[in-house]
Amino acid sequence: MKLVMIGHGMVGHKFIESVMEHADDELEITILAEESTIAYDRVHLTEYFSGKSAKDLSLARADFADAYGIDLHLSSPVVEIDRVQKTVTTVHGTVFGYDRLVLATGSSAFVPPIQGHDRENCFVYRTLDDLDAIKAASRNAKTGVVIGGGLLGLEAAKALCDLQLNTHVVEFAPRLMAVQIDEIGGKLLARQIEKLGVTVHTDTSTLAIEAGTDSIHRMRFADGSSLATDLIVFSAGIRPRDQLAVQSGLAVGARGGIVINDHCQSSDPDIYAIGECALWNNTIFGLVAPGYDMARVAAQHLLQLSQPQLQLGQLRFAGADMSTKLKLMGVDVASIGDAHARTPGALCYCYADEAAMIYKKIVVNADRSRLLGAVLVGCAKEYHHLLQLSLDGSGLSAQPEALIMPSLQDQVPQSAGRGVDLLPDTALLCSCNHVSKADLCQAISAGSTSLGALKKSTKAATACGGCTALVSQVLKAELQRQRVTVNNHLCEHFGYSRQGLYHLVRVNQIKSFDELISQYGQGLGCDICKPTVANILASCWNDFVLQPSHAGLQDSNDYYLGNIQKDGSYSVVPRIAGGEISPEGLIAIGQVAQKYQLYSKITGGQRIDLFGAQLHQLPLIWEELIQAGFESGHAYGKSLRTVKSCVGSNWCRYGVDDAVGLAIRLENRYKGLRSPHKVKMAVSGCTRECAEAQSKDVGVIATEKGWNLYVCGNGGMKPRHAELLATDLDTATLIRYIDRLLMFYIETADRLQRTSVWRDNLEGGLAYLQAVIIDDSLGLAAELEARMAVVVGRYQDEWRTAIEDPEIRKRFKTFINRELQPDQQADPQIQFSSERGQIRPRSNPLLHRSRSQDVSNTAQEAQSKPQDRRIQMIEQQIEQVLL
1 MKLVMIGHGM VGHKFIESVM EHADDELEIT ILAEESTIAY DRVHLTEYFS GKSAKDLSLA
61 RADFADAYGI DLHLSSPVVE IDRVQKTVTT VHGTVFGYDR LVLATGSSAF VPPIQGHDRE
121 NCFVYRTLDD LDAIKAASRN AKTGVVIGGG LLGLEAAKAL CDLQLNTHVV EFAPRLMAVQ
181 IDEIGGKLLA RQIEKLGVTV HTDTSTLAIE AGTDSIHRMR FADGSSLATD LIVFSAGIRP
241 RDQLAVQSGL AVGARGGIVI NDHCQSSDPD IYAIGECALW NNTIFGLVAP GYDMARVAAQ
301 HLLQLSQPQL QLGQLRFAGA DMSTKLKLMG VDVASIGDAH ARTPGALCYC YADEAAMIYK
361 KIVVNADRSR LLGAVLVGCA KEYHHLLQLS LDGSGLSAQP EALIMPSLQD QVPQSAGRGV
421 DLLPDTALLC SCNHVSKADL CQAISAGSTS LGALKKSTKA ATACGGCTAL VSQVLKAELQ
481 RQRVTVNNHL CEHFGYSRQG LYHLVRVNQI KSFDELISQY GQGLGCDICK PTVANILASC
541 WNDFVLQPSH AGLQDSNDYY LGNIQKDGSY SVVPRIAGGE ISPEGLIAIG QVAQKYQLYS
601 KITGGQRIDL FGAQLHQLPL IWEELIQAGF ESGHAYGKSL RTVKSCVGSN WCRYGVDDAV
661 GLAIRLENRY KGLRSPHKVK MAVSGCTREC AEAQSKDVGV IATEKGWNLY VCGNGGMKPR
721 HAELLATDLD TATLIRYIDR LLMFYIETAD RLQRTSVWRD NLEGGLAYLQ AVIIDDSLGL
781 AAELEARMAV VVGRYQDEWR TAIEDPEIRK RFKTFINREL QPDQQADPQI QFSSERGQIR
841 PRSNPLLHRS RSQDVSNTAQ EAQSKPQDRR IQMIEQQIEQ VLL
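Going by the UniProt record's numbering, the residue at position 612 of the sequence shown is 612; the numbering climbs one at a time, nothing skipped.
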């Protein structure tokens, strides 16, 4: 059978995955894709502006087609379907024959017929190419407008905020997200989003887009007002891409969409349609989960036609639950079932807390025995519980309002709860990939005993990610039910987790690794427990990391107080608190870089990194930097790295407070603080957010009333938006909350766990963290502050301590019997090259080896030549003798 699929989006790729699970060698698959890239994750498209690449968003490895024998053609849009000859023709004139054809053409963005909609810098928000165009236009823009206040419109607004644009949302309806939430929820959502710096215009009709005076565009509205902007993004809904179906005579709906039956067949039984181009029961489904259901149904039906021997059951598409839970610009929003109470006789219970900006509503049937729907804005912790009540039709208690009323929730009998243990096996926990509780439990019993393994084996929590917390709860509960002991020991030398070791050190006043392992461990330790314990000791007591009892525990970077680079040299990063530096300081750094021929680069954290220093040069460089007023920037440690700042109210006309002053104060307070992983901070002087505070572990944004505190965000491979912990704080309160947060993180996080992952693993989520940090629910606030005061009070500049101690300084000698001058090379084989005009030394990577035996080092050693390995072994032995 020749199978041709037109389109390769998320739903199309899910269809291919479903087919390949059972396809035999007789099935020939051809994919004709319009875009230049393979299928990617459109659900998380906005993260493209937060650092994710097209590769990160990809749903398959680049060579998946070759690996599975699929004939893939990118940048090959189809222009004609000939149903008589059973062929399709691409824009390039290439003709492909088919036995079965699948249309997965998706949808296109609806652009309202507004006068001037086709002017320059007017975009839609659908593809990576669209996002690239928006990003390019934003470089010369100050203001951006999104026309459309639905799900995708608010995602687009988030993207414009990430691009540092003054952002507006213009919505024709009287509220945001009119399809999903009601009037009160929409108003509260608008207030939440405006608090984040986005201006919302609801009940606003755009008449024309004209040339602006001080901006590229002037938007003219029906009420006579106008808005100047440089960039416009249309996100006013979608339209099914059914042009090929119309051209070939397939049945389509009155308002568009390819008509399909329960098997996802069109009016031509040899042609299937799935996803947003398909119309089932007069409905277009605009979410990924129903599209995935269609993909599975179509794949099963097609396979049974081509391979009758398969016993796959009789799947039929029967519509889909359109409930959804999202985090829009950091605001939790959820909609379940009949959110607008359209069912005859439906009753509503509402709870609103405008001070906390939380709104909750449930809809029940006339006799209050069944939950029909719900709306949650600002806090969606009840979502999974309410969703399951809605889906399985379980009876409600005599007080349905107790489901959402804080004052009544504690009064609900335990048996009325709907924890994962009480969920039926048929409960659908991952609607995107159709994974039930029974599927998860079966996979856990078969050996998927970690979240990563469970995701891989079931595909749960791999699409939108909204069910991750629930999947984790099922995993934990099922392991406990099966009496499986999950070993969280740090390593074979300690029968404790990192948290356990921390509390042993803290409670028993343990000051050295030897003391800890003799009392609570066994053996001599390893490259896992030694650096971890070193980090714990530094977090508790802040002793100098290179004193004799601690030095041997450190990894390479901490041992040499600098970051070792891939060529064997080191980088030197002096601290520049808040990014503020004097002209004299700039000159001093430049002179050091020039003298020691160091490659210099300004980092993303507003510091200057000097690369290429050799081991014997480090103390000399530190001395000169210390004389110029600098100290260690701790770029080598699991500690506070930087506190980024904008210029604040002292210079910026938008600034409402002194961002630089606060950034310097915070950096000087927490410098040297050792933690489970690196910590980055930022302070923005207004909601324009030029310091990118909402992507940091700790972010602070100035308001007219004080400071807003954001926590547990990060960039990197898995970026996470920071969450708003507290608002309108005075400076003293802000610092108290940060003290508590950081020390609570240090005491409870796992080894090498960023604050974002730590926060995701906290049971109770943000509400729990707020209770601990703000309300002192655990009674630890005073103790956490006192412990931070001890660490702050014991700060010392590690560079200065190292160069002032002759014994420690000896560690930075390349040869024990020869003194090298500053300009001398330790290795005559070092070669110098130019990198964009700067001298860049390329040293022998065997000159200074890493002391930590991590996986990458082991792999590199395994591939090296035998003689190189012998040299390395000798060098290691010499190093151990010297130590």
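Virtual Cβ for every residue (Gly too), placed ideally from N, Cα, C.
Just so we're clear, the structure is a prediction, and the values are computed from it rather than from any experiment.
Outcome for residue i when other beta-carbon atoms lying within 10 angstroms are tallied against a minimum of 16
i: A722; result: buried
i: I587; result: exposed
i: T426; result: exposed
i: L3; result: buried
i: E631; result: buried
i: H634; result: buried
i: K566; result: exposed
i: G12; result: buried
i: N433; result: buried
i: Q509; result: exposed
i: Q265; result: buried
Spatially closest choice to residue i from the options, by CA coordinates
i: L207; options: Q192, Y654, Q614, E171; result: E171
i: D24; options: E47, G69, A62, I358; result: G69
i: L741; options: G764, L780, D728, T731; result: L780
i: A228; options: E210, A236, I238; result: E210
i: K135; options: V79, Y48, G149; result: Y48
i: L501; options: A60, E747, L396; result: E747
i: G793; options: L151, L244, S539, T449; result: S539
i: G153; options: L176, L131, N166, L32; result: L176
i: E21; options: T105, A295, T90; result: A295
i: residue 885; options: D805, V363, D543; result: Residue 885 cannot be examined here, being either before or after the span of the chain that is shown, 1 to 883.
i: T731; options: S225, D658, V592; result: D658
i: L618; options: P574, G661, R316, R607; result: P574
i: A613; options: V471, F812, A173, L326; result: F812
i: E80; options: G97, M10, D71, D66; result: G97
i: K810; options: A551, P583, N563; result: A551
i: A453; options: V471, A438, S436; result: V471
i: L662; options: P676, Y654, H677, C646; result: C646
i: Q473; options: L440, L490, R316, A446; result: L440
Start-to-end residues for the alpha helix (DSSP H) that takes in residue i
i: I528; result: Unbroken run through I528: none, as it is neither H nor E.
i: K55; result: 54–57
i: K456; result: 451–458
i: A551; result: 548–551
i: Y272; result: Where Y272 is concerned, there is no enclosing alpha helix (DSSP H), although the beta strand (DSSP E) it sits in stretches over 271–273.
Cβ shell of residue i (< 8 Å), same chain only, five flanking positions each side left out
i: Q867; result: Model confidence at Q867 stands at a pLDDT of 47, short of 50, so the residue's coordinates are unreliable; what they give is reported in the following sentence. Once the five neighbours on either side are set aside, Q867 has no close Cβ partner at all.
i: D854; result: Unreliable positioning characterises D854 in this predicted model, as indicated by a pLDDT of 36, which lies under 50. A coordinate reading is not provided.
i: V88; result: V4, I6, L32, V78, E80, I81, D82, V95, F96, Y98, L101
According to DSSP, residues forming a beta bridge with residue i
i: C430; result: V435
i: M219; result: I209, L227
i: V647; result: Bridge partners of V647: none, in fact.
i: Y768; result: Its beta-bridge partners do not exist; DSSP assigns none.
i: V297; result: Paired residue(s): none; V297 is not in a bridge.
i: M743; result: Bridge partners of M743: none, in fact.
i: K361; result: C350, V375
i: M5; result: I31, V102
Own chain, CB closer than 6 Å to residue i, minus 5 neighbours either side, in chain order
i: A137; result: N121, L231
i: L389; result: L371
i: S549; result: S512
i: C467; result: L429, C430, A461
i: Y795; result: G672
Residue i - containing beta strand (DSSP E), residue span
i: T324; result: 324–328
i: P240; result: 238–240
i: C161; result: Element bounds for C161: not the beta strand (DSSP E) but the alpha helix (DSSP H), 151–162.
i: R100; result: 100–103
i: H201; result: 199–201
i: H73; result: 71–73
i: E80; result: 78–82
i: T801; result: No beta strand (DSSP E) holds T801; the alpha helix (DSSP H) holding it covers 798–804.
Sequence-distant residues of its chain with Cβ nearer than 7 Å to residue i (five each side left out)
i: G393; result: R370
i: A593; result: S600, L610
Near the ligand MG: residue i beta-carbon under 7 Å from a heavy atom
i: A767; result: This structure does not include the ligand MG; it has no bound ligands of any sort.
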